[in-house]
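Asker: Mind looking over this structure? Questions follow.
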Amino acid sequence: MSPSSFRLFPEQASTLAGSVDHLYFFLVGVAAFFSLLIFALIFFFAIRHRRRSEAERPQPVHGGLVLEVVWTVIPLGLVMVMFGWGAVVYLDGARPPGDAMQVYVVGKQWMWKLQHMEGQREINELHIPVGRAVRLTMTSEDVIHSFYVPAFRMKYDVLPGRYTTAWFKPTKTGKYHLFCAEYCGTRHSGMIGWVYVMEPAEYEAWLGGGGTGGSLASNGEKLFQELACTNCHRTGERGRCPDLMNLFGSTVKLADGGTVKADEAYLRESILYPNAKVVAGYQPIMPTFQGLVTEEGLLQLIEYVKSLKEKSATETMPARRN
Ligand code: CUA
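My numbering applies: residue 6 is where the sequence shown begins, and numbers increase by one.
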């Protein structure tokens, strides 16, 4: 690294970067202040109370209530500030805004595979427009990885068999490092890439360039037919298996009397482990698709199910009970 490119802190390139840094500086400041104070006091007392003659005997010290209260209340106040402030920053980072654009991430030894809703696929590169919130839904094909973009102050573990959600909103165009931040095998250090933040017009041009082979949802629909899901799941009518129309986001009644919210994790589980949660009124006849669908295929299927919404669903059902 040349001296001119050396920087103590990565660039701040997302809406969260500033608040994460402020909290970090506060923590470092408090830690540095007390470390210095304690070291200074150790030296000061060591000299001041040094033994001055062989015959000198120390006087026993009895506690002081005021002192005890002071050194309990001050640290308590400080850690409560840290907790409250940290919780606010954490919750900000954990809750994607409703208008965020969706990008899917699949980690594997040793690369990042990314898919846009419009169908574009990328490897170790992510192109996004500036000023627009991006929500990442991430999973892994093998071991635990961690999606880390220092300039966005964003780092989330990517776990096999599970969807992790993260988001960020880039504030500056440019090219930013993407790292894997969880040791994942021999070539962990090579599992790196770039995030390109572009002007919206530039991004539109990038999206338009290069054949995409259809959107995620349309690829999901193709897969749905190839896997013969349509034999049982008949859209818009009651077949041998539940109707998937308007399923996503709804609350599903299960055969065991419980309920479950139809989110990404539920759909994934239902495809891979169909008997884990059987819908009330249906037989557990669905075969597993484990090993038949890749992680990317699962994401496409989920996106297809999400797209199965009657346009007027929200208007015709104003009084939904759930
Ligand atoms: Cu993937 Cu380290």
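Glycine included, every Cβ here is placed at the ideal spot set by N, Cα and C.
Taking the Cβ atom as the reference point for each residue, do glycine 296 and leucine 228 lie within a distance shorter than 8 Å?
Answerer: Not a contact, by the Cβ cut-off of 8 Å.
Asker: Measuring alpha carbon to alpha carbon, tell me which of Gln114, Leu141 and Gly82 ends up nearest isoleucine 197.
Answerer: When only C-alpha atoms are compared, the closest one is Gln114.
Asker: If we ignore side chains and look at the alpha-carbon of each, how far apart do proline 175 and glutamate 73 end up?
Answerer: Answer to the nearest angstrom: the Cα atoms are 48 Å apart.
Asker: Strictly by DSSP, which residues pair up with lysine 258?
Answerer: Beta-bridge pairing links lysine 258 to Thr264.
Asker: Flag this pair as touching only if the segment 168-182 and the segment 11-29 have three or more C-beta atom pairs under 8 Å; answer yes or no.
Answerer: The answer is yes - the segment 11-29 touches the segment 168-182, with three or more Cβ pairs under 8 Å.
Asker: Measuring straight from C-alpha to C-alpha, what distance separates glycine 254 and isoleucine 290?
Answerer: Cα to Cα, glycine 254 sits roughly 24 Å from isoleucine 290.
Asker: Determine the DSSP secondary structure at arginine 53, reduced to helix, strand or coil.
Answerer: In this structure, arginine 53 counts as helix in the three-state DSSP scheme.
Asker: Consider the C-beta atom of histidine 238 and the heavy atoms of ligand 1; say whether any pair is separated by less than 7 Å.
Answerer: Result no, Cβ not under 7 Å from ligand 1.
Asker: Expressed to the nearest angstrom, what Euclidean distance is found between the alpha-carbon atoms of leucine 221 and tyrosine 109?
Answerer: The straight-line gap from Cα to Cα measures roughly 10 Å.
Asker: Might you give, ordered along the chain, the residues of its own chain that have their beta carbon closer than 6 Å to the beta carbon of arginine 126, omitting 5 neighbours on each side?
Answerer: The answer, listed in chain order, is Gln120.
Asker: Grab me the residues of serine 24's own chain with a C-beta within less than 6 Å of its C-beta, minus the 5 sequence neighbours each way, in chain order.
Answerer: Result list for serine 24: Val94, in chain order.
Asker: Classify tyrosine 29 as buried or exposed, calling it buried when 16 or more other Cβ atoms lie within 10 Å of its own Cβ.
Answerer: The residue is exposed, with fewer than 16 neighbouring Cβ atoms inside 10 Å.
Asker: Could you check whether the Cβ of tryptophan 115 sits closer than 7 Å to any heavy atom belonging to ligand 1?
Answerer: Indeed, a heavy atom of ligand 1 lies less than 7 Å from the Cβ.
Asker: Where does tyrosine 201 fall in DSSP's three states?
Answerer: Three-state DSSP puts tyrosine 201 in a strand.
Asker: Going by DSSP, what residue range makes up the alpha helix (DSSP H) through threonine 293?
Answerer: Counting along the chain, threonine 293 falls outside any alpha helix (DSSP H), and DSSP gives it neither H nor E.
Asker: Indicate whether the contact test is met: 3 or more Cβ pairs, each with one atom in the segment 277-289 and one in the segment 183-198, closer than 8 Å.
Answerer: Touching, no, given that fewer than three Cβ pairs across the two stretches are closer than 8 Å.
Asker: Using 7 Å as the cut-off, classify the Cβ of tyrosine 153 as near or not near the heavy atoms of ligand 1, replying yes or no.
Answerer: It does not: the Cβ of tyrosine 153 is nowhere closer than 7 Å to a heavy atom of ligand 1.
Asker: Distance, Cα to Cα, leucine 249 vs alanine 99?
Answerer: Taking the straight line joining both Cα atoms gives about 29 Å.
Asker: Please state whether DSSP places isoleucine 307 in a helix, a strand or coil.
Answerer: It is helical.
Asker: In chain order, what residues of the same chain have a beta carbon less than 7 Å from the beta carbon of phenylalanine 294, not counting five sequence neighbours either side?
Answerer: For phenylalanine 294, where only same-chain residues beyond five positions count, the Cβ hits under 7 Å are Leu232, Ile276 and Leu277.
Asker: Please classify glycine 225: is it buried, with 16 or more other beta-carbons within 10 angstroms of its beta-carbon, or exposed?
Answerer: Classification for glycine 225: buried.
Asker: Under three-state DSSP, which class holds aspartate 26?
Answerer: Three-state DSSP puts aspartate 26 in a helix.
Asker: Between Lys314, Glu274 and Lys311, which has its C-alpha nearest glutamate 300's C-alpha?
Answerer: The option with the nearest alpha carbon to glutamate 300 is Glu274.
Asker: Hey, how far is the Cα of valine 148 from the Cα of glycine 190?
Answerer: When rounded, the distance between both Cα atoms is 9 Å.
Asker: According to the neighbour-count rule (16 or more other Cβ atoms, all chains shown, within 10 Å of its Cβ), is aspartate 52 buried or exposed?
Answerer: Correcting the residue identity first, residue 52 is isoleucine in this sequence and not aspartate. Isoleucine 52 comes out exposed.
Asker: So alanine 281 is in the beta strand (DSSP E); what residue range does that whole segment cover?
Answerer: Segment: none, alanine 281 is in no beta strand (DSSP E) and carries neither H nor E.
Asker: Please classify phenylalanine 48: is it buried, with 16 or more other beta-carbons within 10 angstroms of its beta-carbon, or exposed?
Answerer: Counting Cβ neighbours within 10 Å, phenylalanine 48 comes out exposed, since fewer than 16 surround it.
Asker: Which residue wins for smallest C-alpha separation from tyrosine 201, given the options Gly34, Val139, Ala105 and Glu61?
Answerer: Among Gly34, Val139, Ala105 and Glu61, the Cα nearest to that of tyrosine 201 is on Val139.
Asker: On the DSSP bridge assignment, give the partners of aspartate 147 in chain order.
Answerer: In DSSP, aspartate 147 forms no bridge with anything.
Asker: Closer than 8 Å by C-beta to threonine 256: which residues in its own chain qualify, once you throw out the five before and the five after it? Chain order, please.
Answerer: These residues qualify, in order along the chain: Thr264, Val265, Lys266, Ala267 and Asn327.
Asker: Would DSSP call methionine 6 helix, strand or coil?
Answerer: Residue confidence is low: methionine 6 scores 47 on pLDDT, short of 50, so the model does not pin down where it sits. No coordinate-derived value is stated.
Asker: Taking the C-alpha atoms as reference points, what is the distance between proline 323 and serine 312?
Answerer: Low per-residue confidence applies at proline 323: pLDDT is 40, beneath 50, and the placement is therefore not dependable, though the value from the model is reported in the following sentence. Proline 323 and serine 312: Cα-Cα distance of roughly 20 Å.
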